[in-house]
Amino acid sequence: MRSALVALEVVGQLNRIAIDSTAIARKYALDANEPSIEVLARIAKEQGFKTKLKSLTPIQMEKYPLPCIARKRDAGYITILKIDGEKEQMLAFEEGKKEPYLLSFTDFTASMQPKIIILKHKIMTDQIKFGFAWFYNQLLHYKRIVGEILLASFVMQLFGLVTPLFTQVVLDKVLVHHSISTLNVIAIAFGAVILFEFLLSIVRNYVFVHTTSKIDARLGARLFRHLISLPLVYFEKRKVGNIIARVRELDQIREFIANKSVTVLLDMLFSVVFVIMMMIYSVQLSFISLGFIAIIAILYIFITPNLRKRLEAKFQMGAQSNAYLVESVTGMQTVKALAIEGSMQKKWEEYLGSYVNAGFNLAHLSNILSGVSGALQKLMTLSILYFGVGLVIEGKLSVGQLIAFQMFSGQFSAPIMRLVGLWNEFQQALLSVDRLGDILNTPTEQMNDKAITLPKVQGEVNFDKIAFRYAPDGPLILKQLSLHVSPGKSIGVVGRSGSGKSTLTKLLQRLYLPHEGAVYIDGVDIRHMNPSWLRHNIGVVLQENYLFSGSIKENIAFAVPGSSMERIITVSKIAGAHEFISELPEGYDTFVGERGSSLSGGQRQRIAIARALLGDPKVLIFDEATSALDYESEKIIQDNLKAIKEGRTMFIVAHRLSTVRDCDEIIVMDKGVIVERGSHNELMALKGYYHFLTTQQERA
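Its first residue numbered 28, the sequence shown is counted upward by one per residue in my numbering.
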C-alpha cells in the first residue's frame, strides 16, 4: 500500500493536488498489500486526475505527459519523472529511496509490468486552454450578435455585386441606346444602395467593436486574476520584465481586433459570392484570377515560418531589453553607488541594438512580401485585361461584362490583399496568443471547493516528517523534519544560510507543498485549506517588505480594507510605528512613495508589522524582519515584541541571535534538519552549535 500512495503523493505534489494518504487509505480500506494498478488508477481519478491505463514501451511513454506511475513485477510502484530517449534512461522515484534515481530502458522493461497509469490534471484538461478556441468559446456567449454580424457581412458582399452590375448596364445598355431615363433609374438605385450599405457598415462595425470590447475586458480581467493566482514558483522562475512583456502581448491582440482585422477575415470568408459571379461570366478569366491569388497565398504560406521566427526574435529581444530596463531602474541606487552608469549604458545599447536589428530584419522581409504581392496583383489585372479583350473581340464577352468581371475580381482580391497587408499583425496576434497562453495555461494554486476553513484559529502548528525539494531531481532542502508548536508559543529559528529556515515558513504559508509529510494547523492538514484563507490568518513580516503607492493608512489597511482608524492606530502602537507617524506633517495620510521610498528602512518595517497585525492573525512569522535594521530601529521592535507576541503563535527567523533570545523555544537548523532545540539557556549549556554561533557573534 505504501509505495502506491507515495507514488500518488509525488504526482499530486508536481500537479499541485493535495493528496492525503491517510484519508485515502481509510476511505478505500487499503491494507498492507499494494492495491492493483486498476484500483490505483480509480483512486487517482477520484483525487482530481484524468487517468488512462496503457501498455507502453519506454519509447512510447515519451509521447505522454509526465509524471506517470508504473508497477513493478514483484509488487510496488514507482513514479516516472523524466524520460531521456537519446540516453535511453529515465528519472524515477519510489518509496524507500531518499533521492530520484536513473533507470535504464532495459532495466525498466525487465522489472516493470507493461501497464502504465497516464495522469492528467483535470483542472488543466477540463478547462478550455487559452488560444483561438478560447475566443471562439467567448463568441458563443454572443450567438445572436455574432449571427447578426455574419448576416450583415453577407449582405454587404451582396451589395458589392451592385456596382459591377450597374457599370455593365451603363456600358452595354445606356451608352449603346442613349437611354437617359434608364441612367436616372440606375443612379437613384445606386445612391440608395450606397446609403444602405453605408448605414449597414456603420451598424456592423459598431456592434462588432462593442462585442470585441466586452471580450477584451473579460480577457484583461481574466489575465490579471489568473496571474495573481499563479503559485509563487512561477514568478521565481521568470524575470519580472519577461512576465510584463507577456502581459503586454494583450495590447497586440487588442490592436489586431481594433483595426478591423477580423472584419477583413469575415469579408474574405464571404468573397465566395464574387467567385461565383466570376465563374458565371468567364471560367477562363476566373482561373487566371484564382491562379494569381493562389500564388500569393503560397508565397505567404512558404514565408510564414521565417516571418514567425523573426517576430519571435523581435519579441525575445524586446523582452530582454525590457527586463534589463526594469532591473536597471529598480537597482538604480546600486548603479549610482558603484558608479557603473557607463557599463550599464553599454549593455543597454547592446540590447537595444539587438532589438532594432530584429525589427529591421522583420520590416525588410515584410517590405519584400508587400512588394511581390503588389506586383502580382498588378500582373493579375493586366492578364485579365489582356485575355479579356481577346474574349471581347471573339464576341464571348461584352465590354460591360469585361469591366464588370474586372471589378468582381478586384472585390474578390481586395479582402485578401488587405489581409496580406495585415499579415504581420495576424502572425503577431497568433504569437501573442501563444505568449499569453504561457500565463493563462499555467495551473493556478489549487482552490478546492470543499476546502476547510476553521471557525477560529487557535495557533497550534505541527510539521510532521516534512521532506521538501524545489525540483523533482533537486536536493532535499528539508529532511524528515518534525516540529510541534503549542498555541501562543514563540519559536526562534536560527541556522546558517541555506539551512532551510525560510523554506519552513513558506511551507507554513502553503506557498509550497511538502514532498513528503504534512503541515497541520489546529490538527488540519493545510493542503485541505483554501490558500487565501490560510494566508489571511497568518501574519508575515519579511526582511524587505513591499509598500504600495498610497498613504500609510492605506498600506496598513491593505489586507483588511474598511478597518477603523482606531484599530489602525492600535496596531501601529503595538508595532512601534505610531510615534513616528504622528510626527509626520500628514500623519497617517502621508504618501509613502513608490515601494515606500519616502520612508526609512526602520519605518517601512514597522508599518509592515502593523499591516501584519491588523487582521489579528493567530500565527505570526518574522522572517529576518529585523536583520537589516539599525540598532535603534531594531530596539524599538524588540521592545514591542512582547506586545506583538501576545496571544499568537510566533516564528522568528533570524541571523542575529539576540533577536530570538527571549523566545519560548529556539530550534537550530543545519542542512535541512533540526540539530538542536531548547531555550537560550538550555542551548548555551549544551555548548553545541548554538553556543558556537552565539560566541562567534559576540566576538564579532
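All residues carry an ideal CB built from backbone N, CA and C; glycine is no exception.
Check	Outcome
Would you mind reading off the limits of the beta strand (DSSP E) that contains K114?	From DSSP, K114 is part of no beta strand (DSSP E); its letter is neither H nor E.
Quick test of your reading: A456 and Q279, contact by CB under 8 Å. State the CB separation rounded to the nearest angstrom.	6 Å
Have a look at M407, S624 and V197 and flag the residue whose alpha-carbon is nearest the alpha-carbon of F439.	M407
Please classify G730 as buried or exposed, where buried requires at least 16 neighbouring CB atoms within 10 angstroms.	Since the displayed the chain opens at 28 and closes at 727, residue 730 lies outside it and no answer follows.
From what residue to what residue does the beta strand (DSSP E) around A545 run?	E543 to I548
What are the boundary residues of the alpha helix (DSSP H) that includes N211?	I207 to S256
Please report how far the alpha carbon of G380 lies from the alpha carbon of L538, in whole angstroms.	39 Å
For M756 and R69, what's the separation of their Cα atoms in angstroms?	Coverage of the chain is limited to positions 28 through 727, which leaves residue 756 absent and any answer about it impossible.
Could you spell out the range, first to last residue, of the beta strand (DSSP E) harbouring H148?	M139 to H148
Whose CA, out of P588, R496 and S576, lies closest to the CA of H563?	P588
Name the one or two DSSP bridge partners that E703 has.	V695
In its own chain, which residues sit with a C-beta less than 6 Å from the C-beta of M711, not counting the 5 before and 5 after it?	H718
Mind checking which residues open and close the beta strand (DSSP E) that includes L178?	Segment K170 to F186 is the alpha helix (DSSP H) holding L178; no beta strand (DSSP E) there.
From N388 to I330, what does the alpha carbon distance come to, in whole angstroms?	13 Å
What would DSSP say about N572, mapped onto helix, strand or coil?	coil
Indicate the three-state DSSP secondary structure (helix, strand or coil) for A652 in the structure shown.	coil
Check for me: the beta strand (DSSP E) holding M677 runs from which residue to which?	T676 to V680
Are Q195 and Q428 touching if we call contact CB-CB under 7 Å?	yes
According to DSSP, simplified to helix, strand and coil, what is I504?	coil
Counting along the chain, where does the alpha helix (DSSP H) carrying G488 start and finish?	One detail in the question is off: residue 488 reads as Val in this sequence, not Gly. Not the alpha helix (DSSP H): V488 falls in the beta strand (DSSP E), residues V488 to F495.
Do A635 and N572 have their C-beta atoms within less than 7 Å of each other?	yes
Starting from L130, follow the beta strand (DSSP E) in both directions and report where the run begins and ends.	Y128 to S131
Just how far apart, CA to CA, sit L57 and A652?	46 Å
Can you tell me whether A498 is helix, strand or coil according to DSSP?	coil
Classify L178: buried if its beta carbon has 16 or more other beta carbons within 10 angstroms, exposed otherwise.	exposed
Going by alpha carbons, who is nearest to R631 out of M592, F678, K645 and I583?	I583
Give me the Cα-Cα distance between V728 and I694, rounded to the nearest whole angstrom.	For the chain, the structure presents residues 28 to 727; residue 728 sits outside this window and is missing.
Roughly how many angstroms lie between the CA atoms of V38 and T106, to the nearest whole one?	7 Å
Quick check: the Cα distance between F678 and E543, rounded to an integer number of angstroms?	22 Å
Please list, in chain order, all residues of the same chain as K533 whose beta carbon is under 6 Å from its beta carbon, the five residues on each side excluded.	Y539
Suppose you measure from the CA of V619 to the CA of E613; what does that come to, to the nearest Å?	11 Å
Mapping DSSP to helix, strand and coil, what is E709?	helix
Output the distance between the C-alpha atoms of V234 and I176, rounded to the nearest integer angstrom.	7 Å
With 16 other CB atoms within 10 Å as the buried threshold, where does K336 fall?	exposed
Between the C-alpha atoms of L32 and S48, what's the straight-line distance to the nearest angstrom?	6 Å
Locate the alpha helix (DSSP H) running through G369, then write down its first and last residues.	E368 to I420
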